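Chemist: Please find one structure pasted underneath; my questions will follow.
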Amino acid sequence: MTPTTIAIAVLAVAAFGTIVLLLGNAASQRRMGEDIPPALRPGYSDDQLESNVLERYMSWGLVLTLFFAVFLPVYWLREPARINSKATEEFVQQVVRGGELFEANCAECHGIDGGGGAAASPYGGQWPAPNLTNIVKRYEDSRTITDVQNLIETTLHRGRPGTPMPAWGSDYGGPLTDLQINDITAWILAQQVDEVAEAQPAADLSGEQLYTQNCVRCHGAELQGVVGPSLVGVFERHDEESVLGILRNGINLGNGVIMPPWQNGYLYEDTRYTDEALGKIVDYLAEQQPAELPPGAEQYQSPGLGEPDPEPPATEEPTGTAQPTEDDTAGPAPDATDAEPTTTSTDV
């Protein structure tokens, strides 16, 4: 038993004994006057009021004062620990429930331990699913994300449009309730580690690696265009310096279609790409251009523009003898030059 528990037990016994003694004293005094009707019992004399009665009331007041003088500080000192204990217990229960939900709904893409994986891309191929065990560390110094728990919950509720990450919240058409999403969030937060693998500097990556990491999702592995335009024939539309400028500054069409900037205006200032890295991407694009460009490659190719449907095959005439119609028996129409002139009023 802790000292706090022992002190509370002693105080409880003392308070109980005091109450029993006071009640016993009051009961003995009541028995002395039980034979006299209440209305005929004499009132307290001045001496009694100033001695026994007053002392009894003061004794009760002293007991209650001492009780609260001890109980309230003990309660105040113990309450934070009790609250923390209950919060920890609730968090543990959340983590257990969240682990079951994560395994059933999230592990297929993010891995059974949340360490990352891959999902089927809506544009074909695989889409990398991020590691969730270092998300707190990754956003530790972020100037835009200050509440990682809120970030996780919001992402679970709404999903990430344009990626394989669906909306899980019931308010956004998903199958999970708010409490279930809170449980998954608790599980993710319980799996956090303090180490984040350092990103390989862009200067050490090839143009192909940079393109694969940053561009292939929108422009396709073969430059064919997915949600972004085709880059086949891009140098027929722009020179290399213009392409480099687009990579630096991005494109905002004003209708919600955005090509993000990779240098000027890039959200994370410390990780903006240098001209050297962007130049590698430009060189890679130049290397991937086909020897013979397809028709229309010199024009801007809208993303998602499909090929025209082929013409349906001609249907064959049914076999058998067809009955002649008036058109069939009428013969060829006379040539306009063979027709006799029509007399009009001007000819008269």
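Number 255 in this note's numbering belongs to position 257 of the sequence shown; there are no gaps in the numbering.
Glycine included, every Cβ here is placed at the ideal spot set by N, Cα and C.
Note that the coordinates shown come from a computational prediction; the quantities given were computed from them, not determined experimentally.
Given a threshold of 16 other Cβ atoms within 10 Å of its Cβ, counted over all protein chains shown, does Asp181 qualify as buried or as exposed?
Modeler: Buried, because 16 or more other Cβ atoms sit within 10 Å of the Cβ of Asp181.
Chemist: From this set, Ser240, Leu52, Phe233, Val68, which residue's C-alpha is nearest Val8's C-alpha?
Modeler: Nearest option by C-alpha distance: Val68.
Chemist: By the 10 Å Cβ neighbour count, where 16 or more other Cβ atoms means buried, how is Arg433 classified, buried or exposed?
Modeler: Past the boundaries of the shown model lies residue 433; the chain is included only from -1 to 346, so the question cannot be answered.
Chemist: Report buried or exposed for Ile17, applying the criterion of at least 16 other Cβ atoms within 10 angstroms of its Cβ.
Modeler: The residue in question, Ile17, is exposed, as its Cβ has fewer than 16 Cβ neighbours within 10 Å.
Chemist: Would you list, in sequence order, the uninterrupted alpha helix (DSSP H) runs of no fewer than 4 residues that lie entirely inside the stretch 227 to 251?
Modeler: Here the runs fully enclosed are 232 to 235, 238 to 247.
Chemist: Take every Cβ of the stretch 56 to 71, pair it with every Cβ of the stretch 139 to 149, and state whether three or more of those distances are shorter than 8 angstroms.
Modeler: The answer is no - the stretch 139 to 149 does not touch the stretch 56 to 71, with fewer than three Cβ pairs under 8 angstroms.
Chemist: For Pro126, name the three-state secondary structure that DSSP assigns.
Modeler: Looking at Pro126 - three-state DSSP - the assignment turns out to be strand.
Chemist: Which residues mark the beginning and the end of the alpha helix (DSSP H) in which Ala79 is found?
Modeler: Segment 52 to 103, the alpha helix (DSSP H) holding Ala79.
Chemist: Work out the CA separation of His236 and Pro306 for me, nearest whole Å.
Modeler: Note that Pro306 has pLDDT 43, beneath the 50 cutoff, so the model's placement of it is unreliable and no number is given.
Chemist: What does DSSP give as the partner residue(s) for Leu187 in the beta ladder?
Modeler: Paired residues: none, contrary to the question.
Chemist: Taking its Cβ as the centre, do 16 or more other Cβ atoms sit within 10 Å of Trp185, making it buried, or is it exposed?
Modeler: Buried.
Chemist: Tell me the DSSP secondary structure of Leu21 in three-state form.
Modeler: In this structure, Leu21 counts as helix in the three-state DSSP scheme.
Chemist: Smallest Cα separation from Trp58: which of Gly248, Ile4, Leu20?
Modeler: For the residues Gly248, Ile4, Leu20, the minimum Cα distance to Trp58 belongs to Leu20.
Chemist: Return yes when the C-beta of Thr183 is under 8 angstroms from any heavy atom of the ligand GDP, and no when it is not.
Modeler: With respect to small molecules bound, the structure shown includes none, and the ligand GDP cannot be examined in it.
Chemist: Looking at the strands, I want to know which residues DSSP matches up with Pro256.
Modeler: According to the sequence shown, residue 256 is Ile rather than Pro. The partner list for Ile256 (beta bridge, DSSP) reads Asn250.
Chemist: Quick one: grab the DSSP three-state call for Leu208.
Modeler: Three-state DSSP puts Leu208 in a helix.
Chemist: Straight-line CA distance for Leu187 to Val134?
Modeler: Spanning the two alpha carbons is a distance of roughly 8 angstroms.
Chemist: Could you give the DSSP three-state label for Leu276: helix, strand or coil?
Modeler: Of the three classes helix, strand and coil, the one that applies to Leu276 here is helix, per DSSP.
Chemist: Which residue marks the beginning of the beta strand (DSSP E) containing Ala116, and which one marks its end?
Modeler: Start and end: 115 to 118.
Chemist: To the nearest angstrom, report how far apart Gly277 and Val241 are at their CA atoms.
Modeler: Looking at the two C-alpha atoms, the distance is approximately 9 angstroms.
Chemist: With a threshold of 6 angstroms on Cβ separation, who are the neighbours of Gln124 within its own chain once the five nearest residues in sequence on each side are excluded?
Modeler: Here the set comprises Ala116.
Chemist: What residues in its chain sit with their C-beta under 8 angstroms from that of Arg246, if we drop five residues either side in the sequence?
Modeler: For Arg246, where only same-chain residues beyond five positions count, the Cβ hits under 8 angstroms are Pro259, Trp260, Gln261, Asn262, Asp273, Leu276.
Chemist: Please say whether Glu206 and Tyr282 have beta carbons closer to each other than 9 angstroms?
Modeler: Yes, they are a contact pair.
Chemist: Measuring only the C-alpha atoms, how far is Thr142 from Arg156?
Modeler: Cα to Cα, the separation comes out at about 19 angstroms.
Chemist: Taking the CB atoms as reference points, tell me whether Thr183 and Gly96 lie closer together than 9 angstroms.
Modeler: For Thr183 and Gly96, yes; Cβs fall inside 9 angstroms.
Chemist: Roughly how many angstroms lie between the CA atoms of Gly41 and Asn23, to the nearest whole one?
Modeler: Taking the straight line from one Cα to the other gives about 18 angstroms.
Chemist: Count the other CB atoms, across all protein chains shown, that sit within 10 Å of the CB of Phe14; report buried if there are 16 or more and exposed otherwise.
Modeler: Label assigned to Phe14: exposed.
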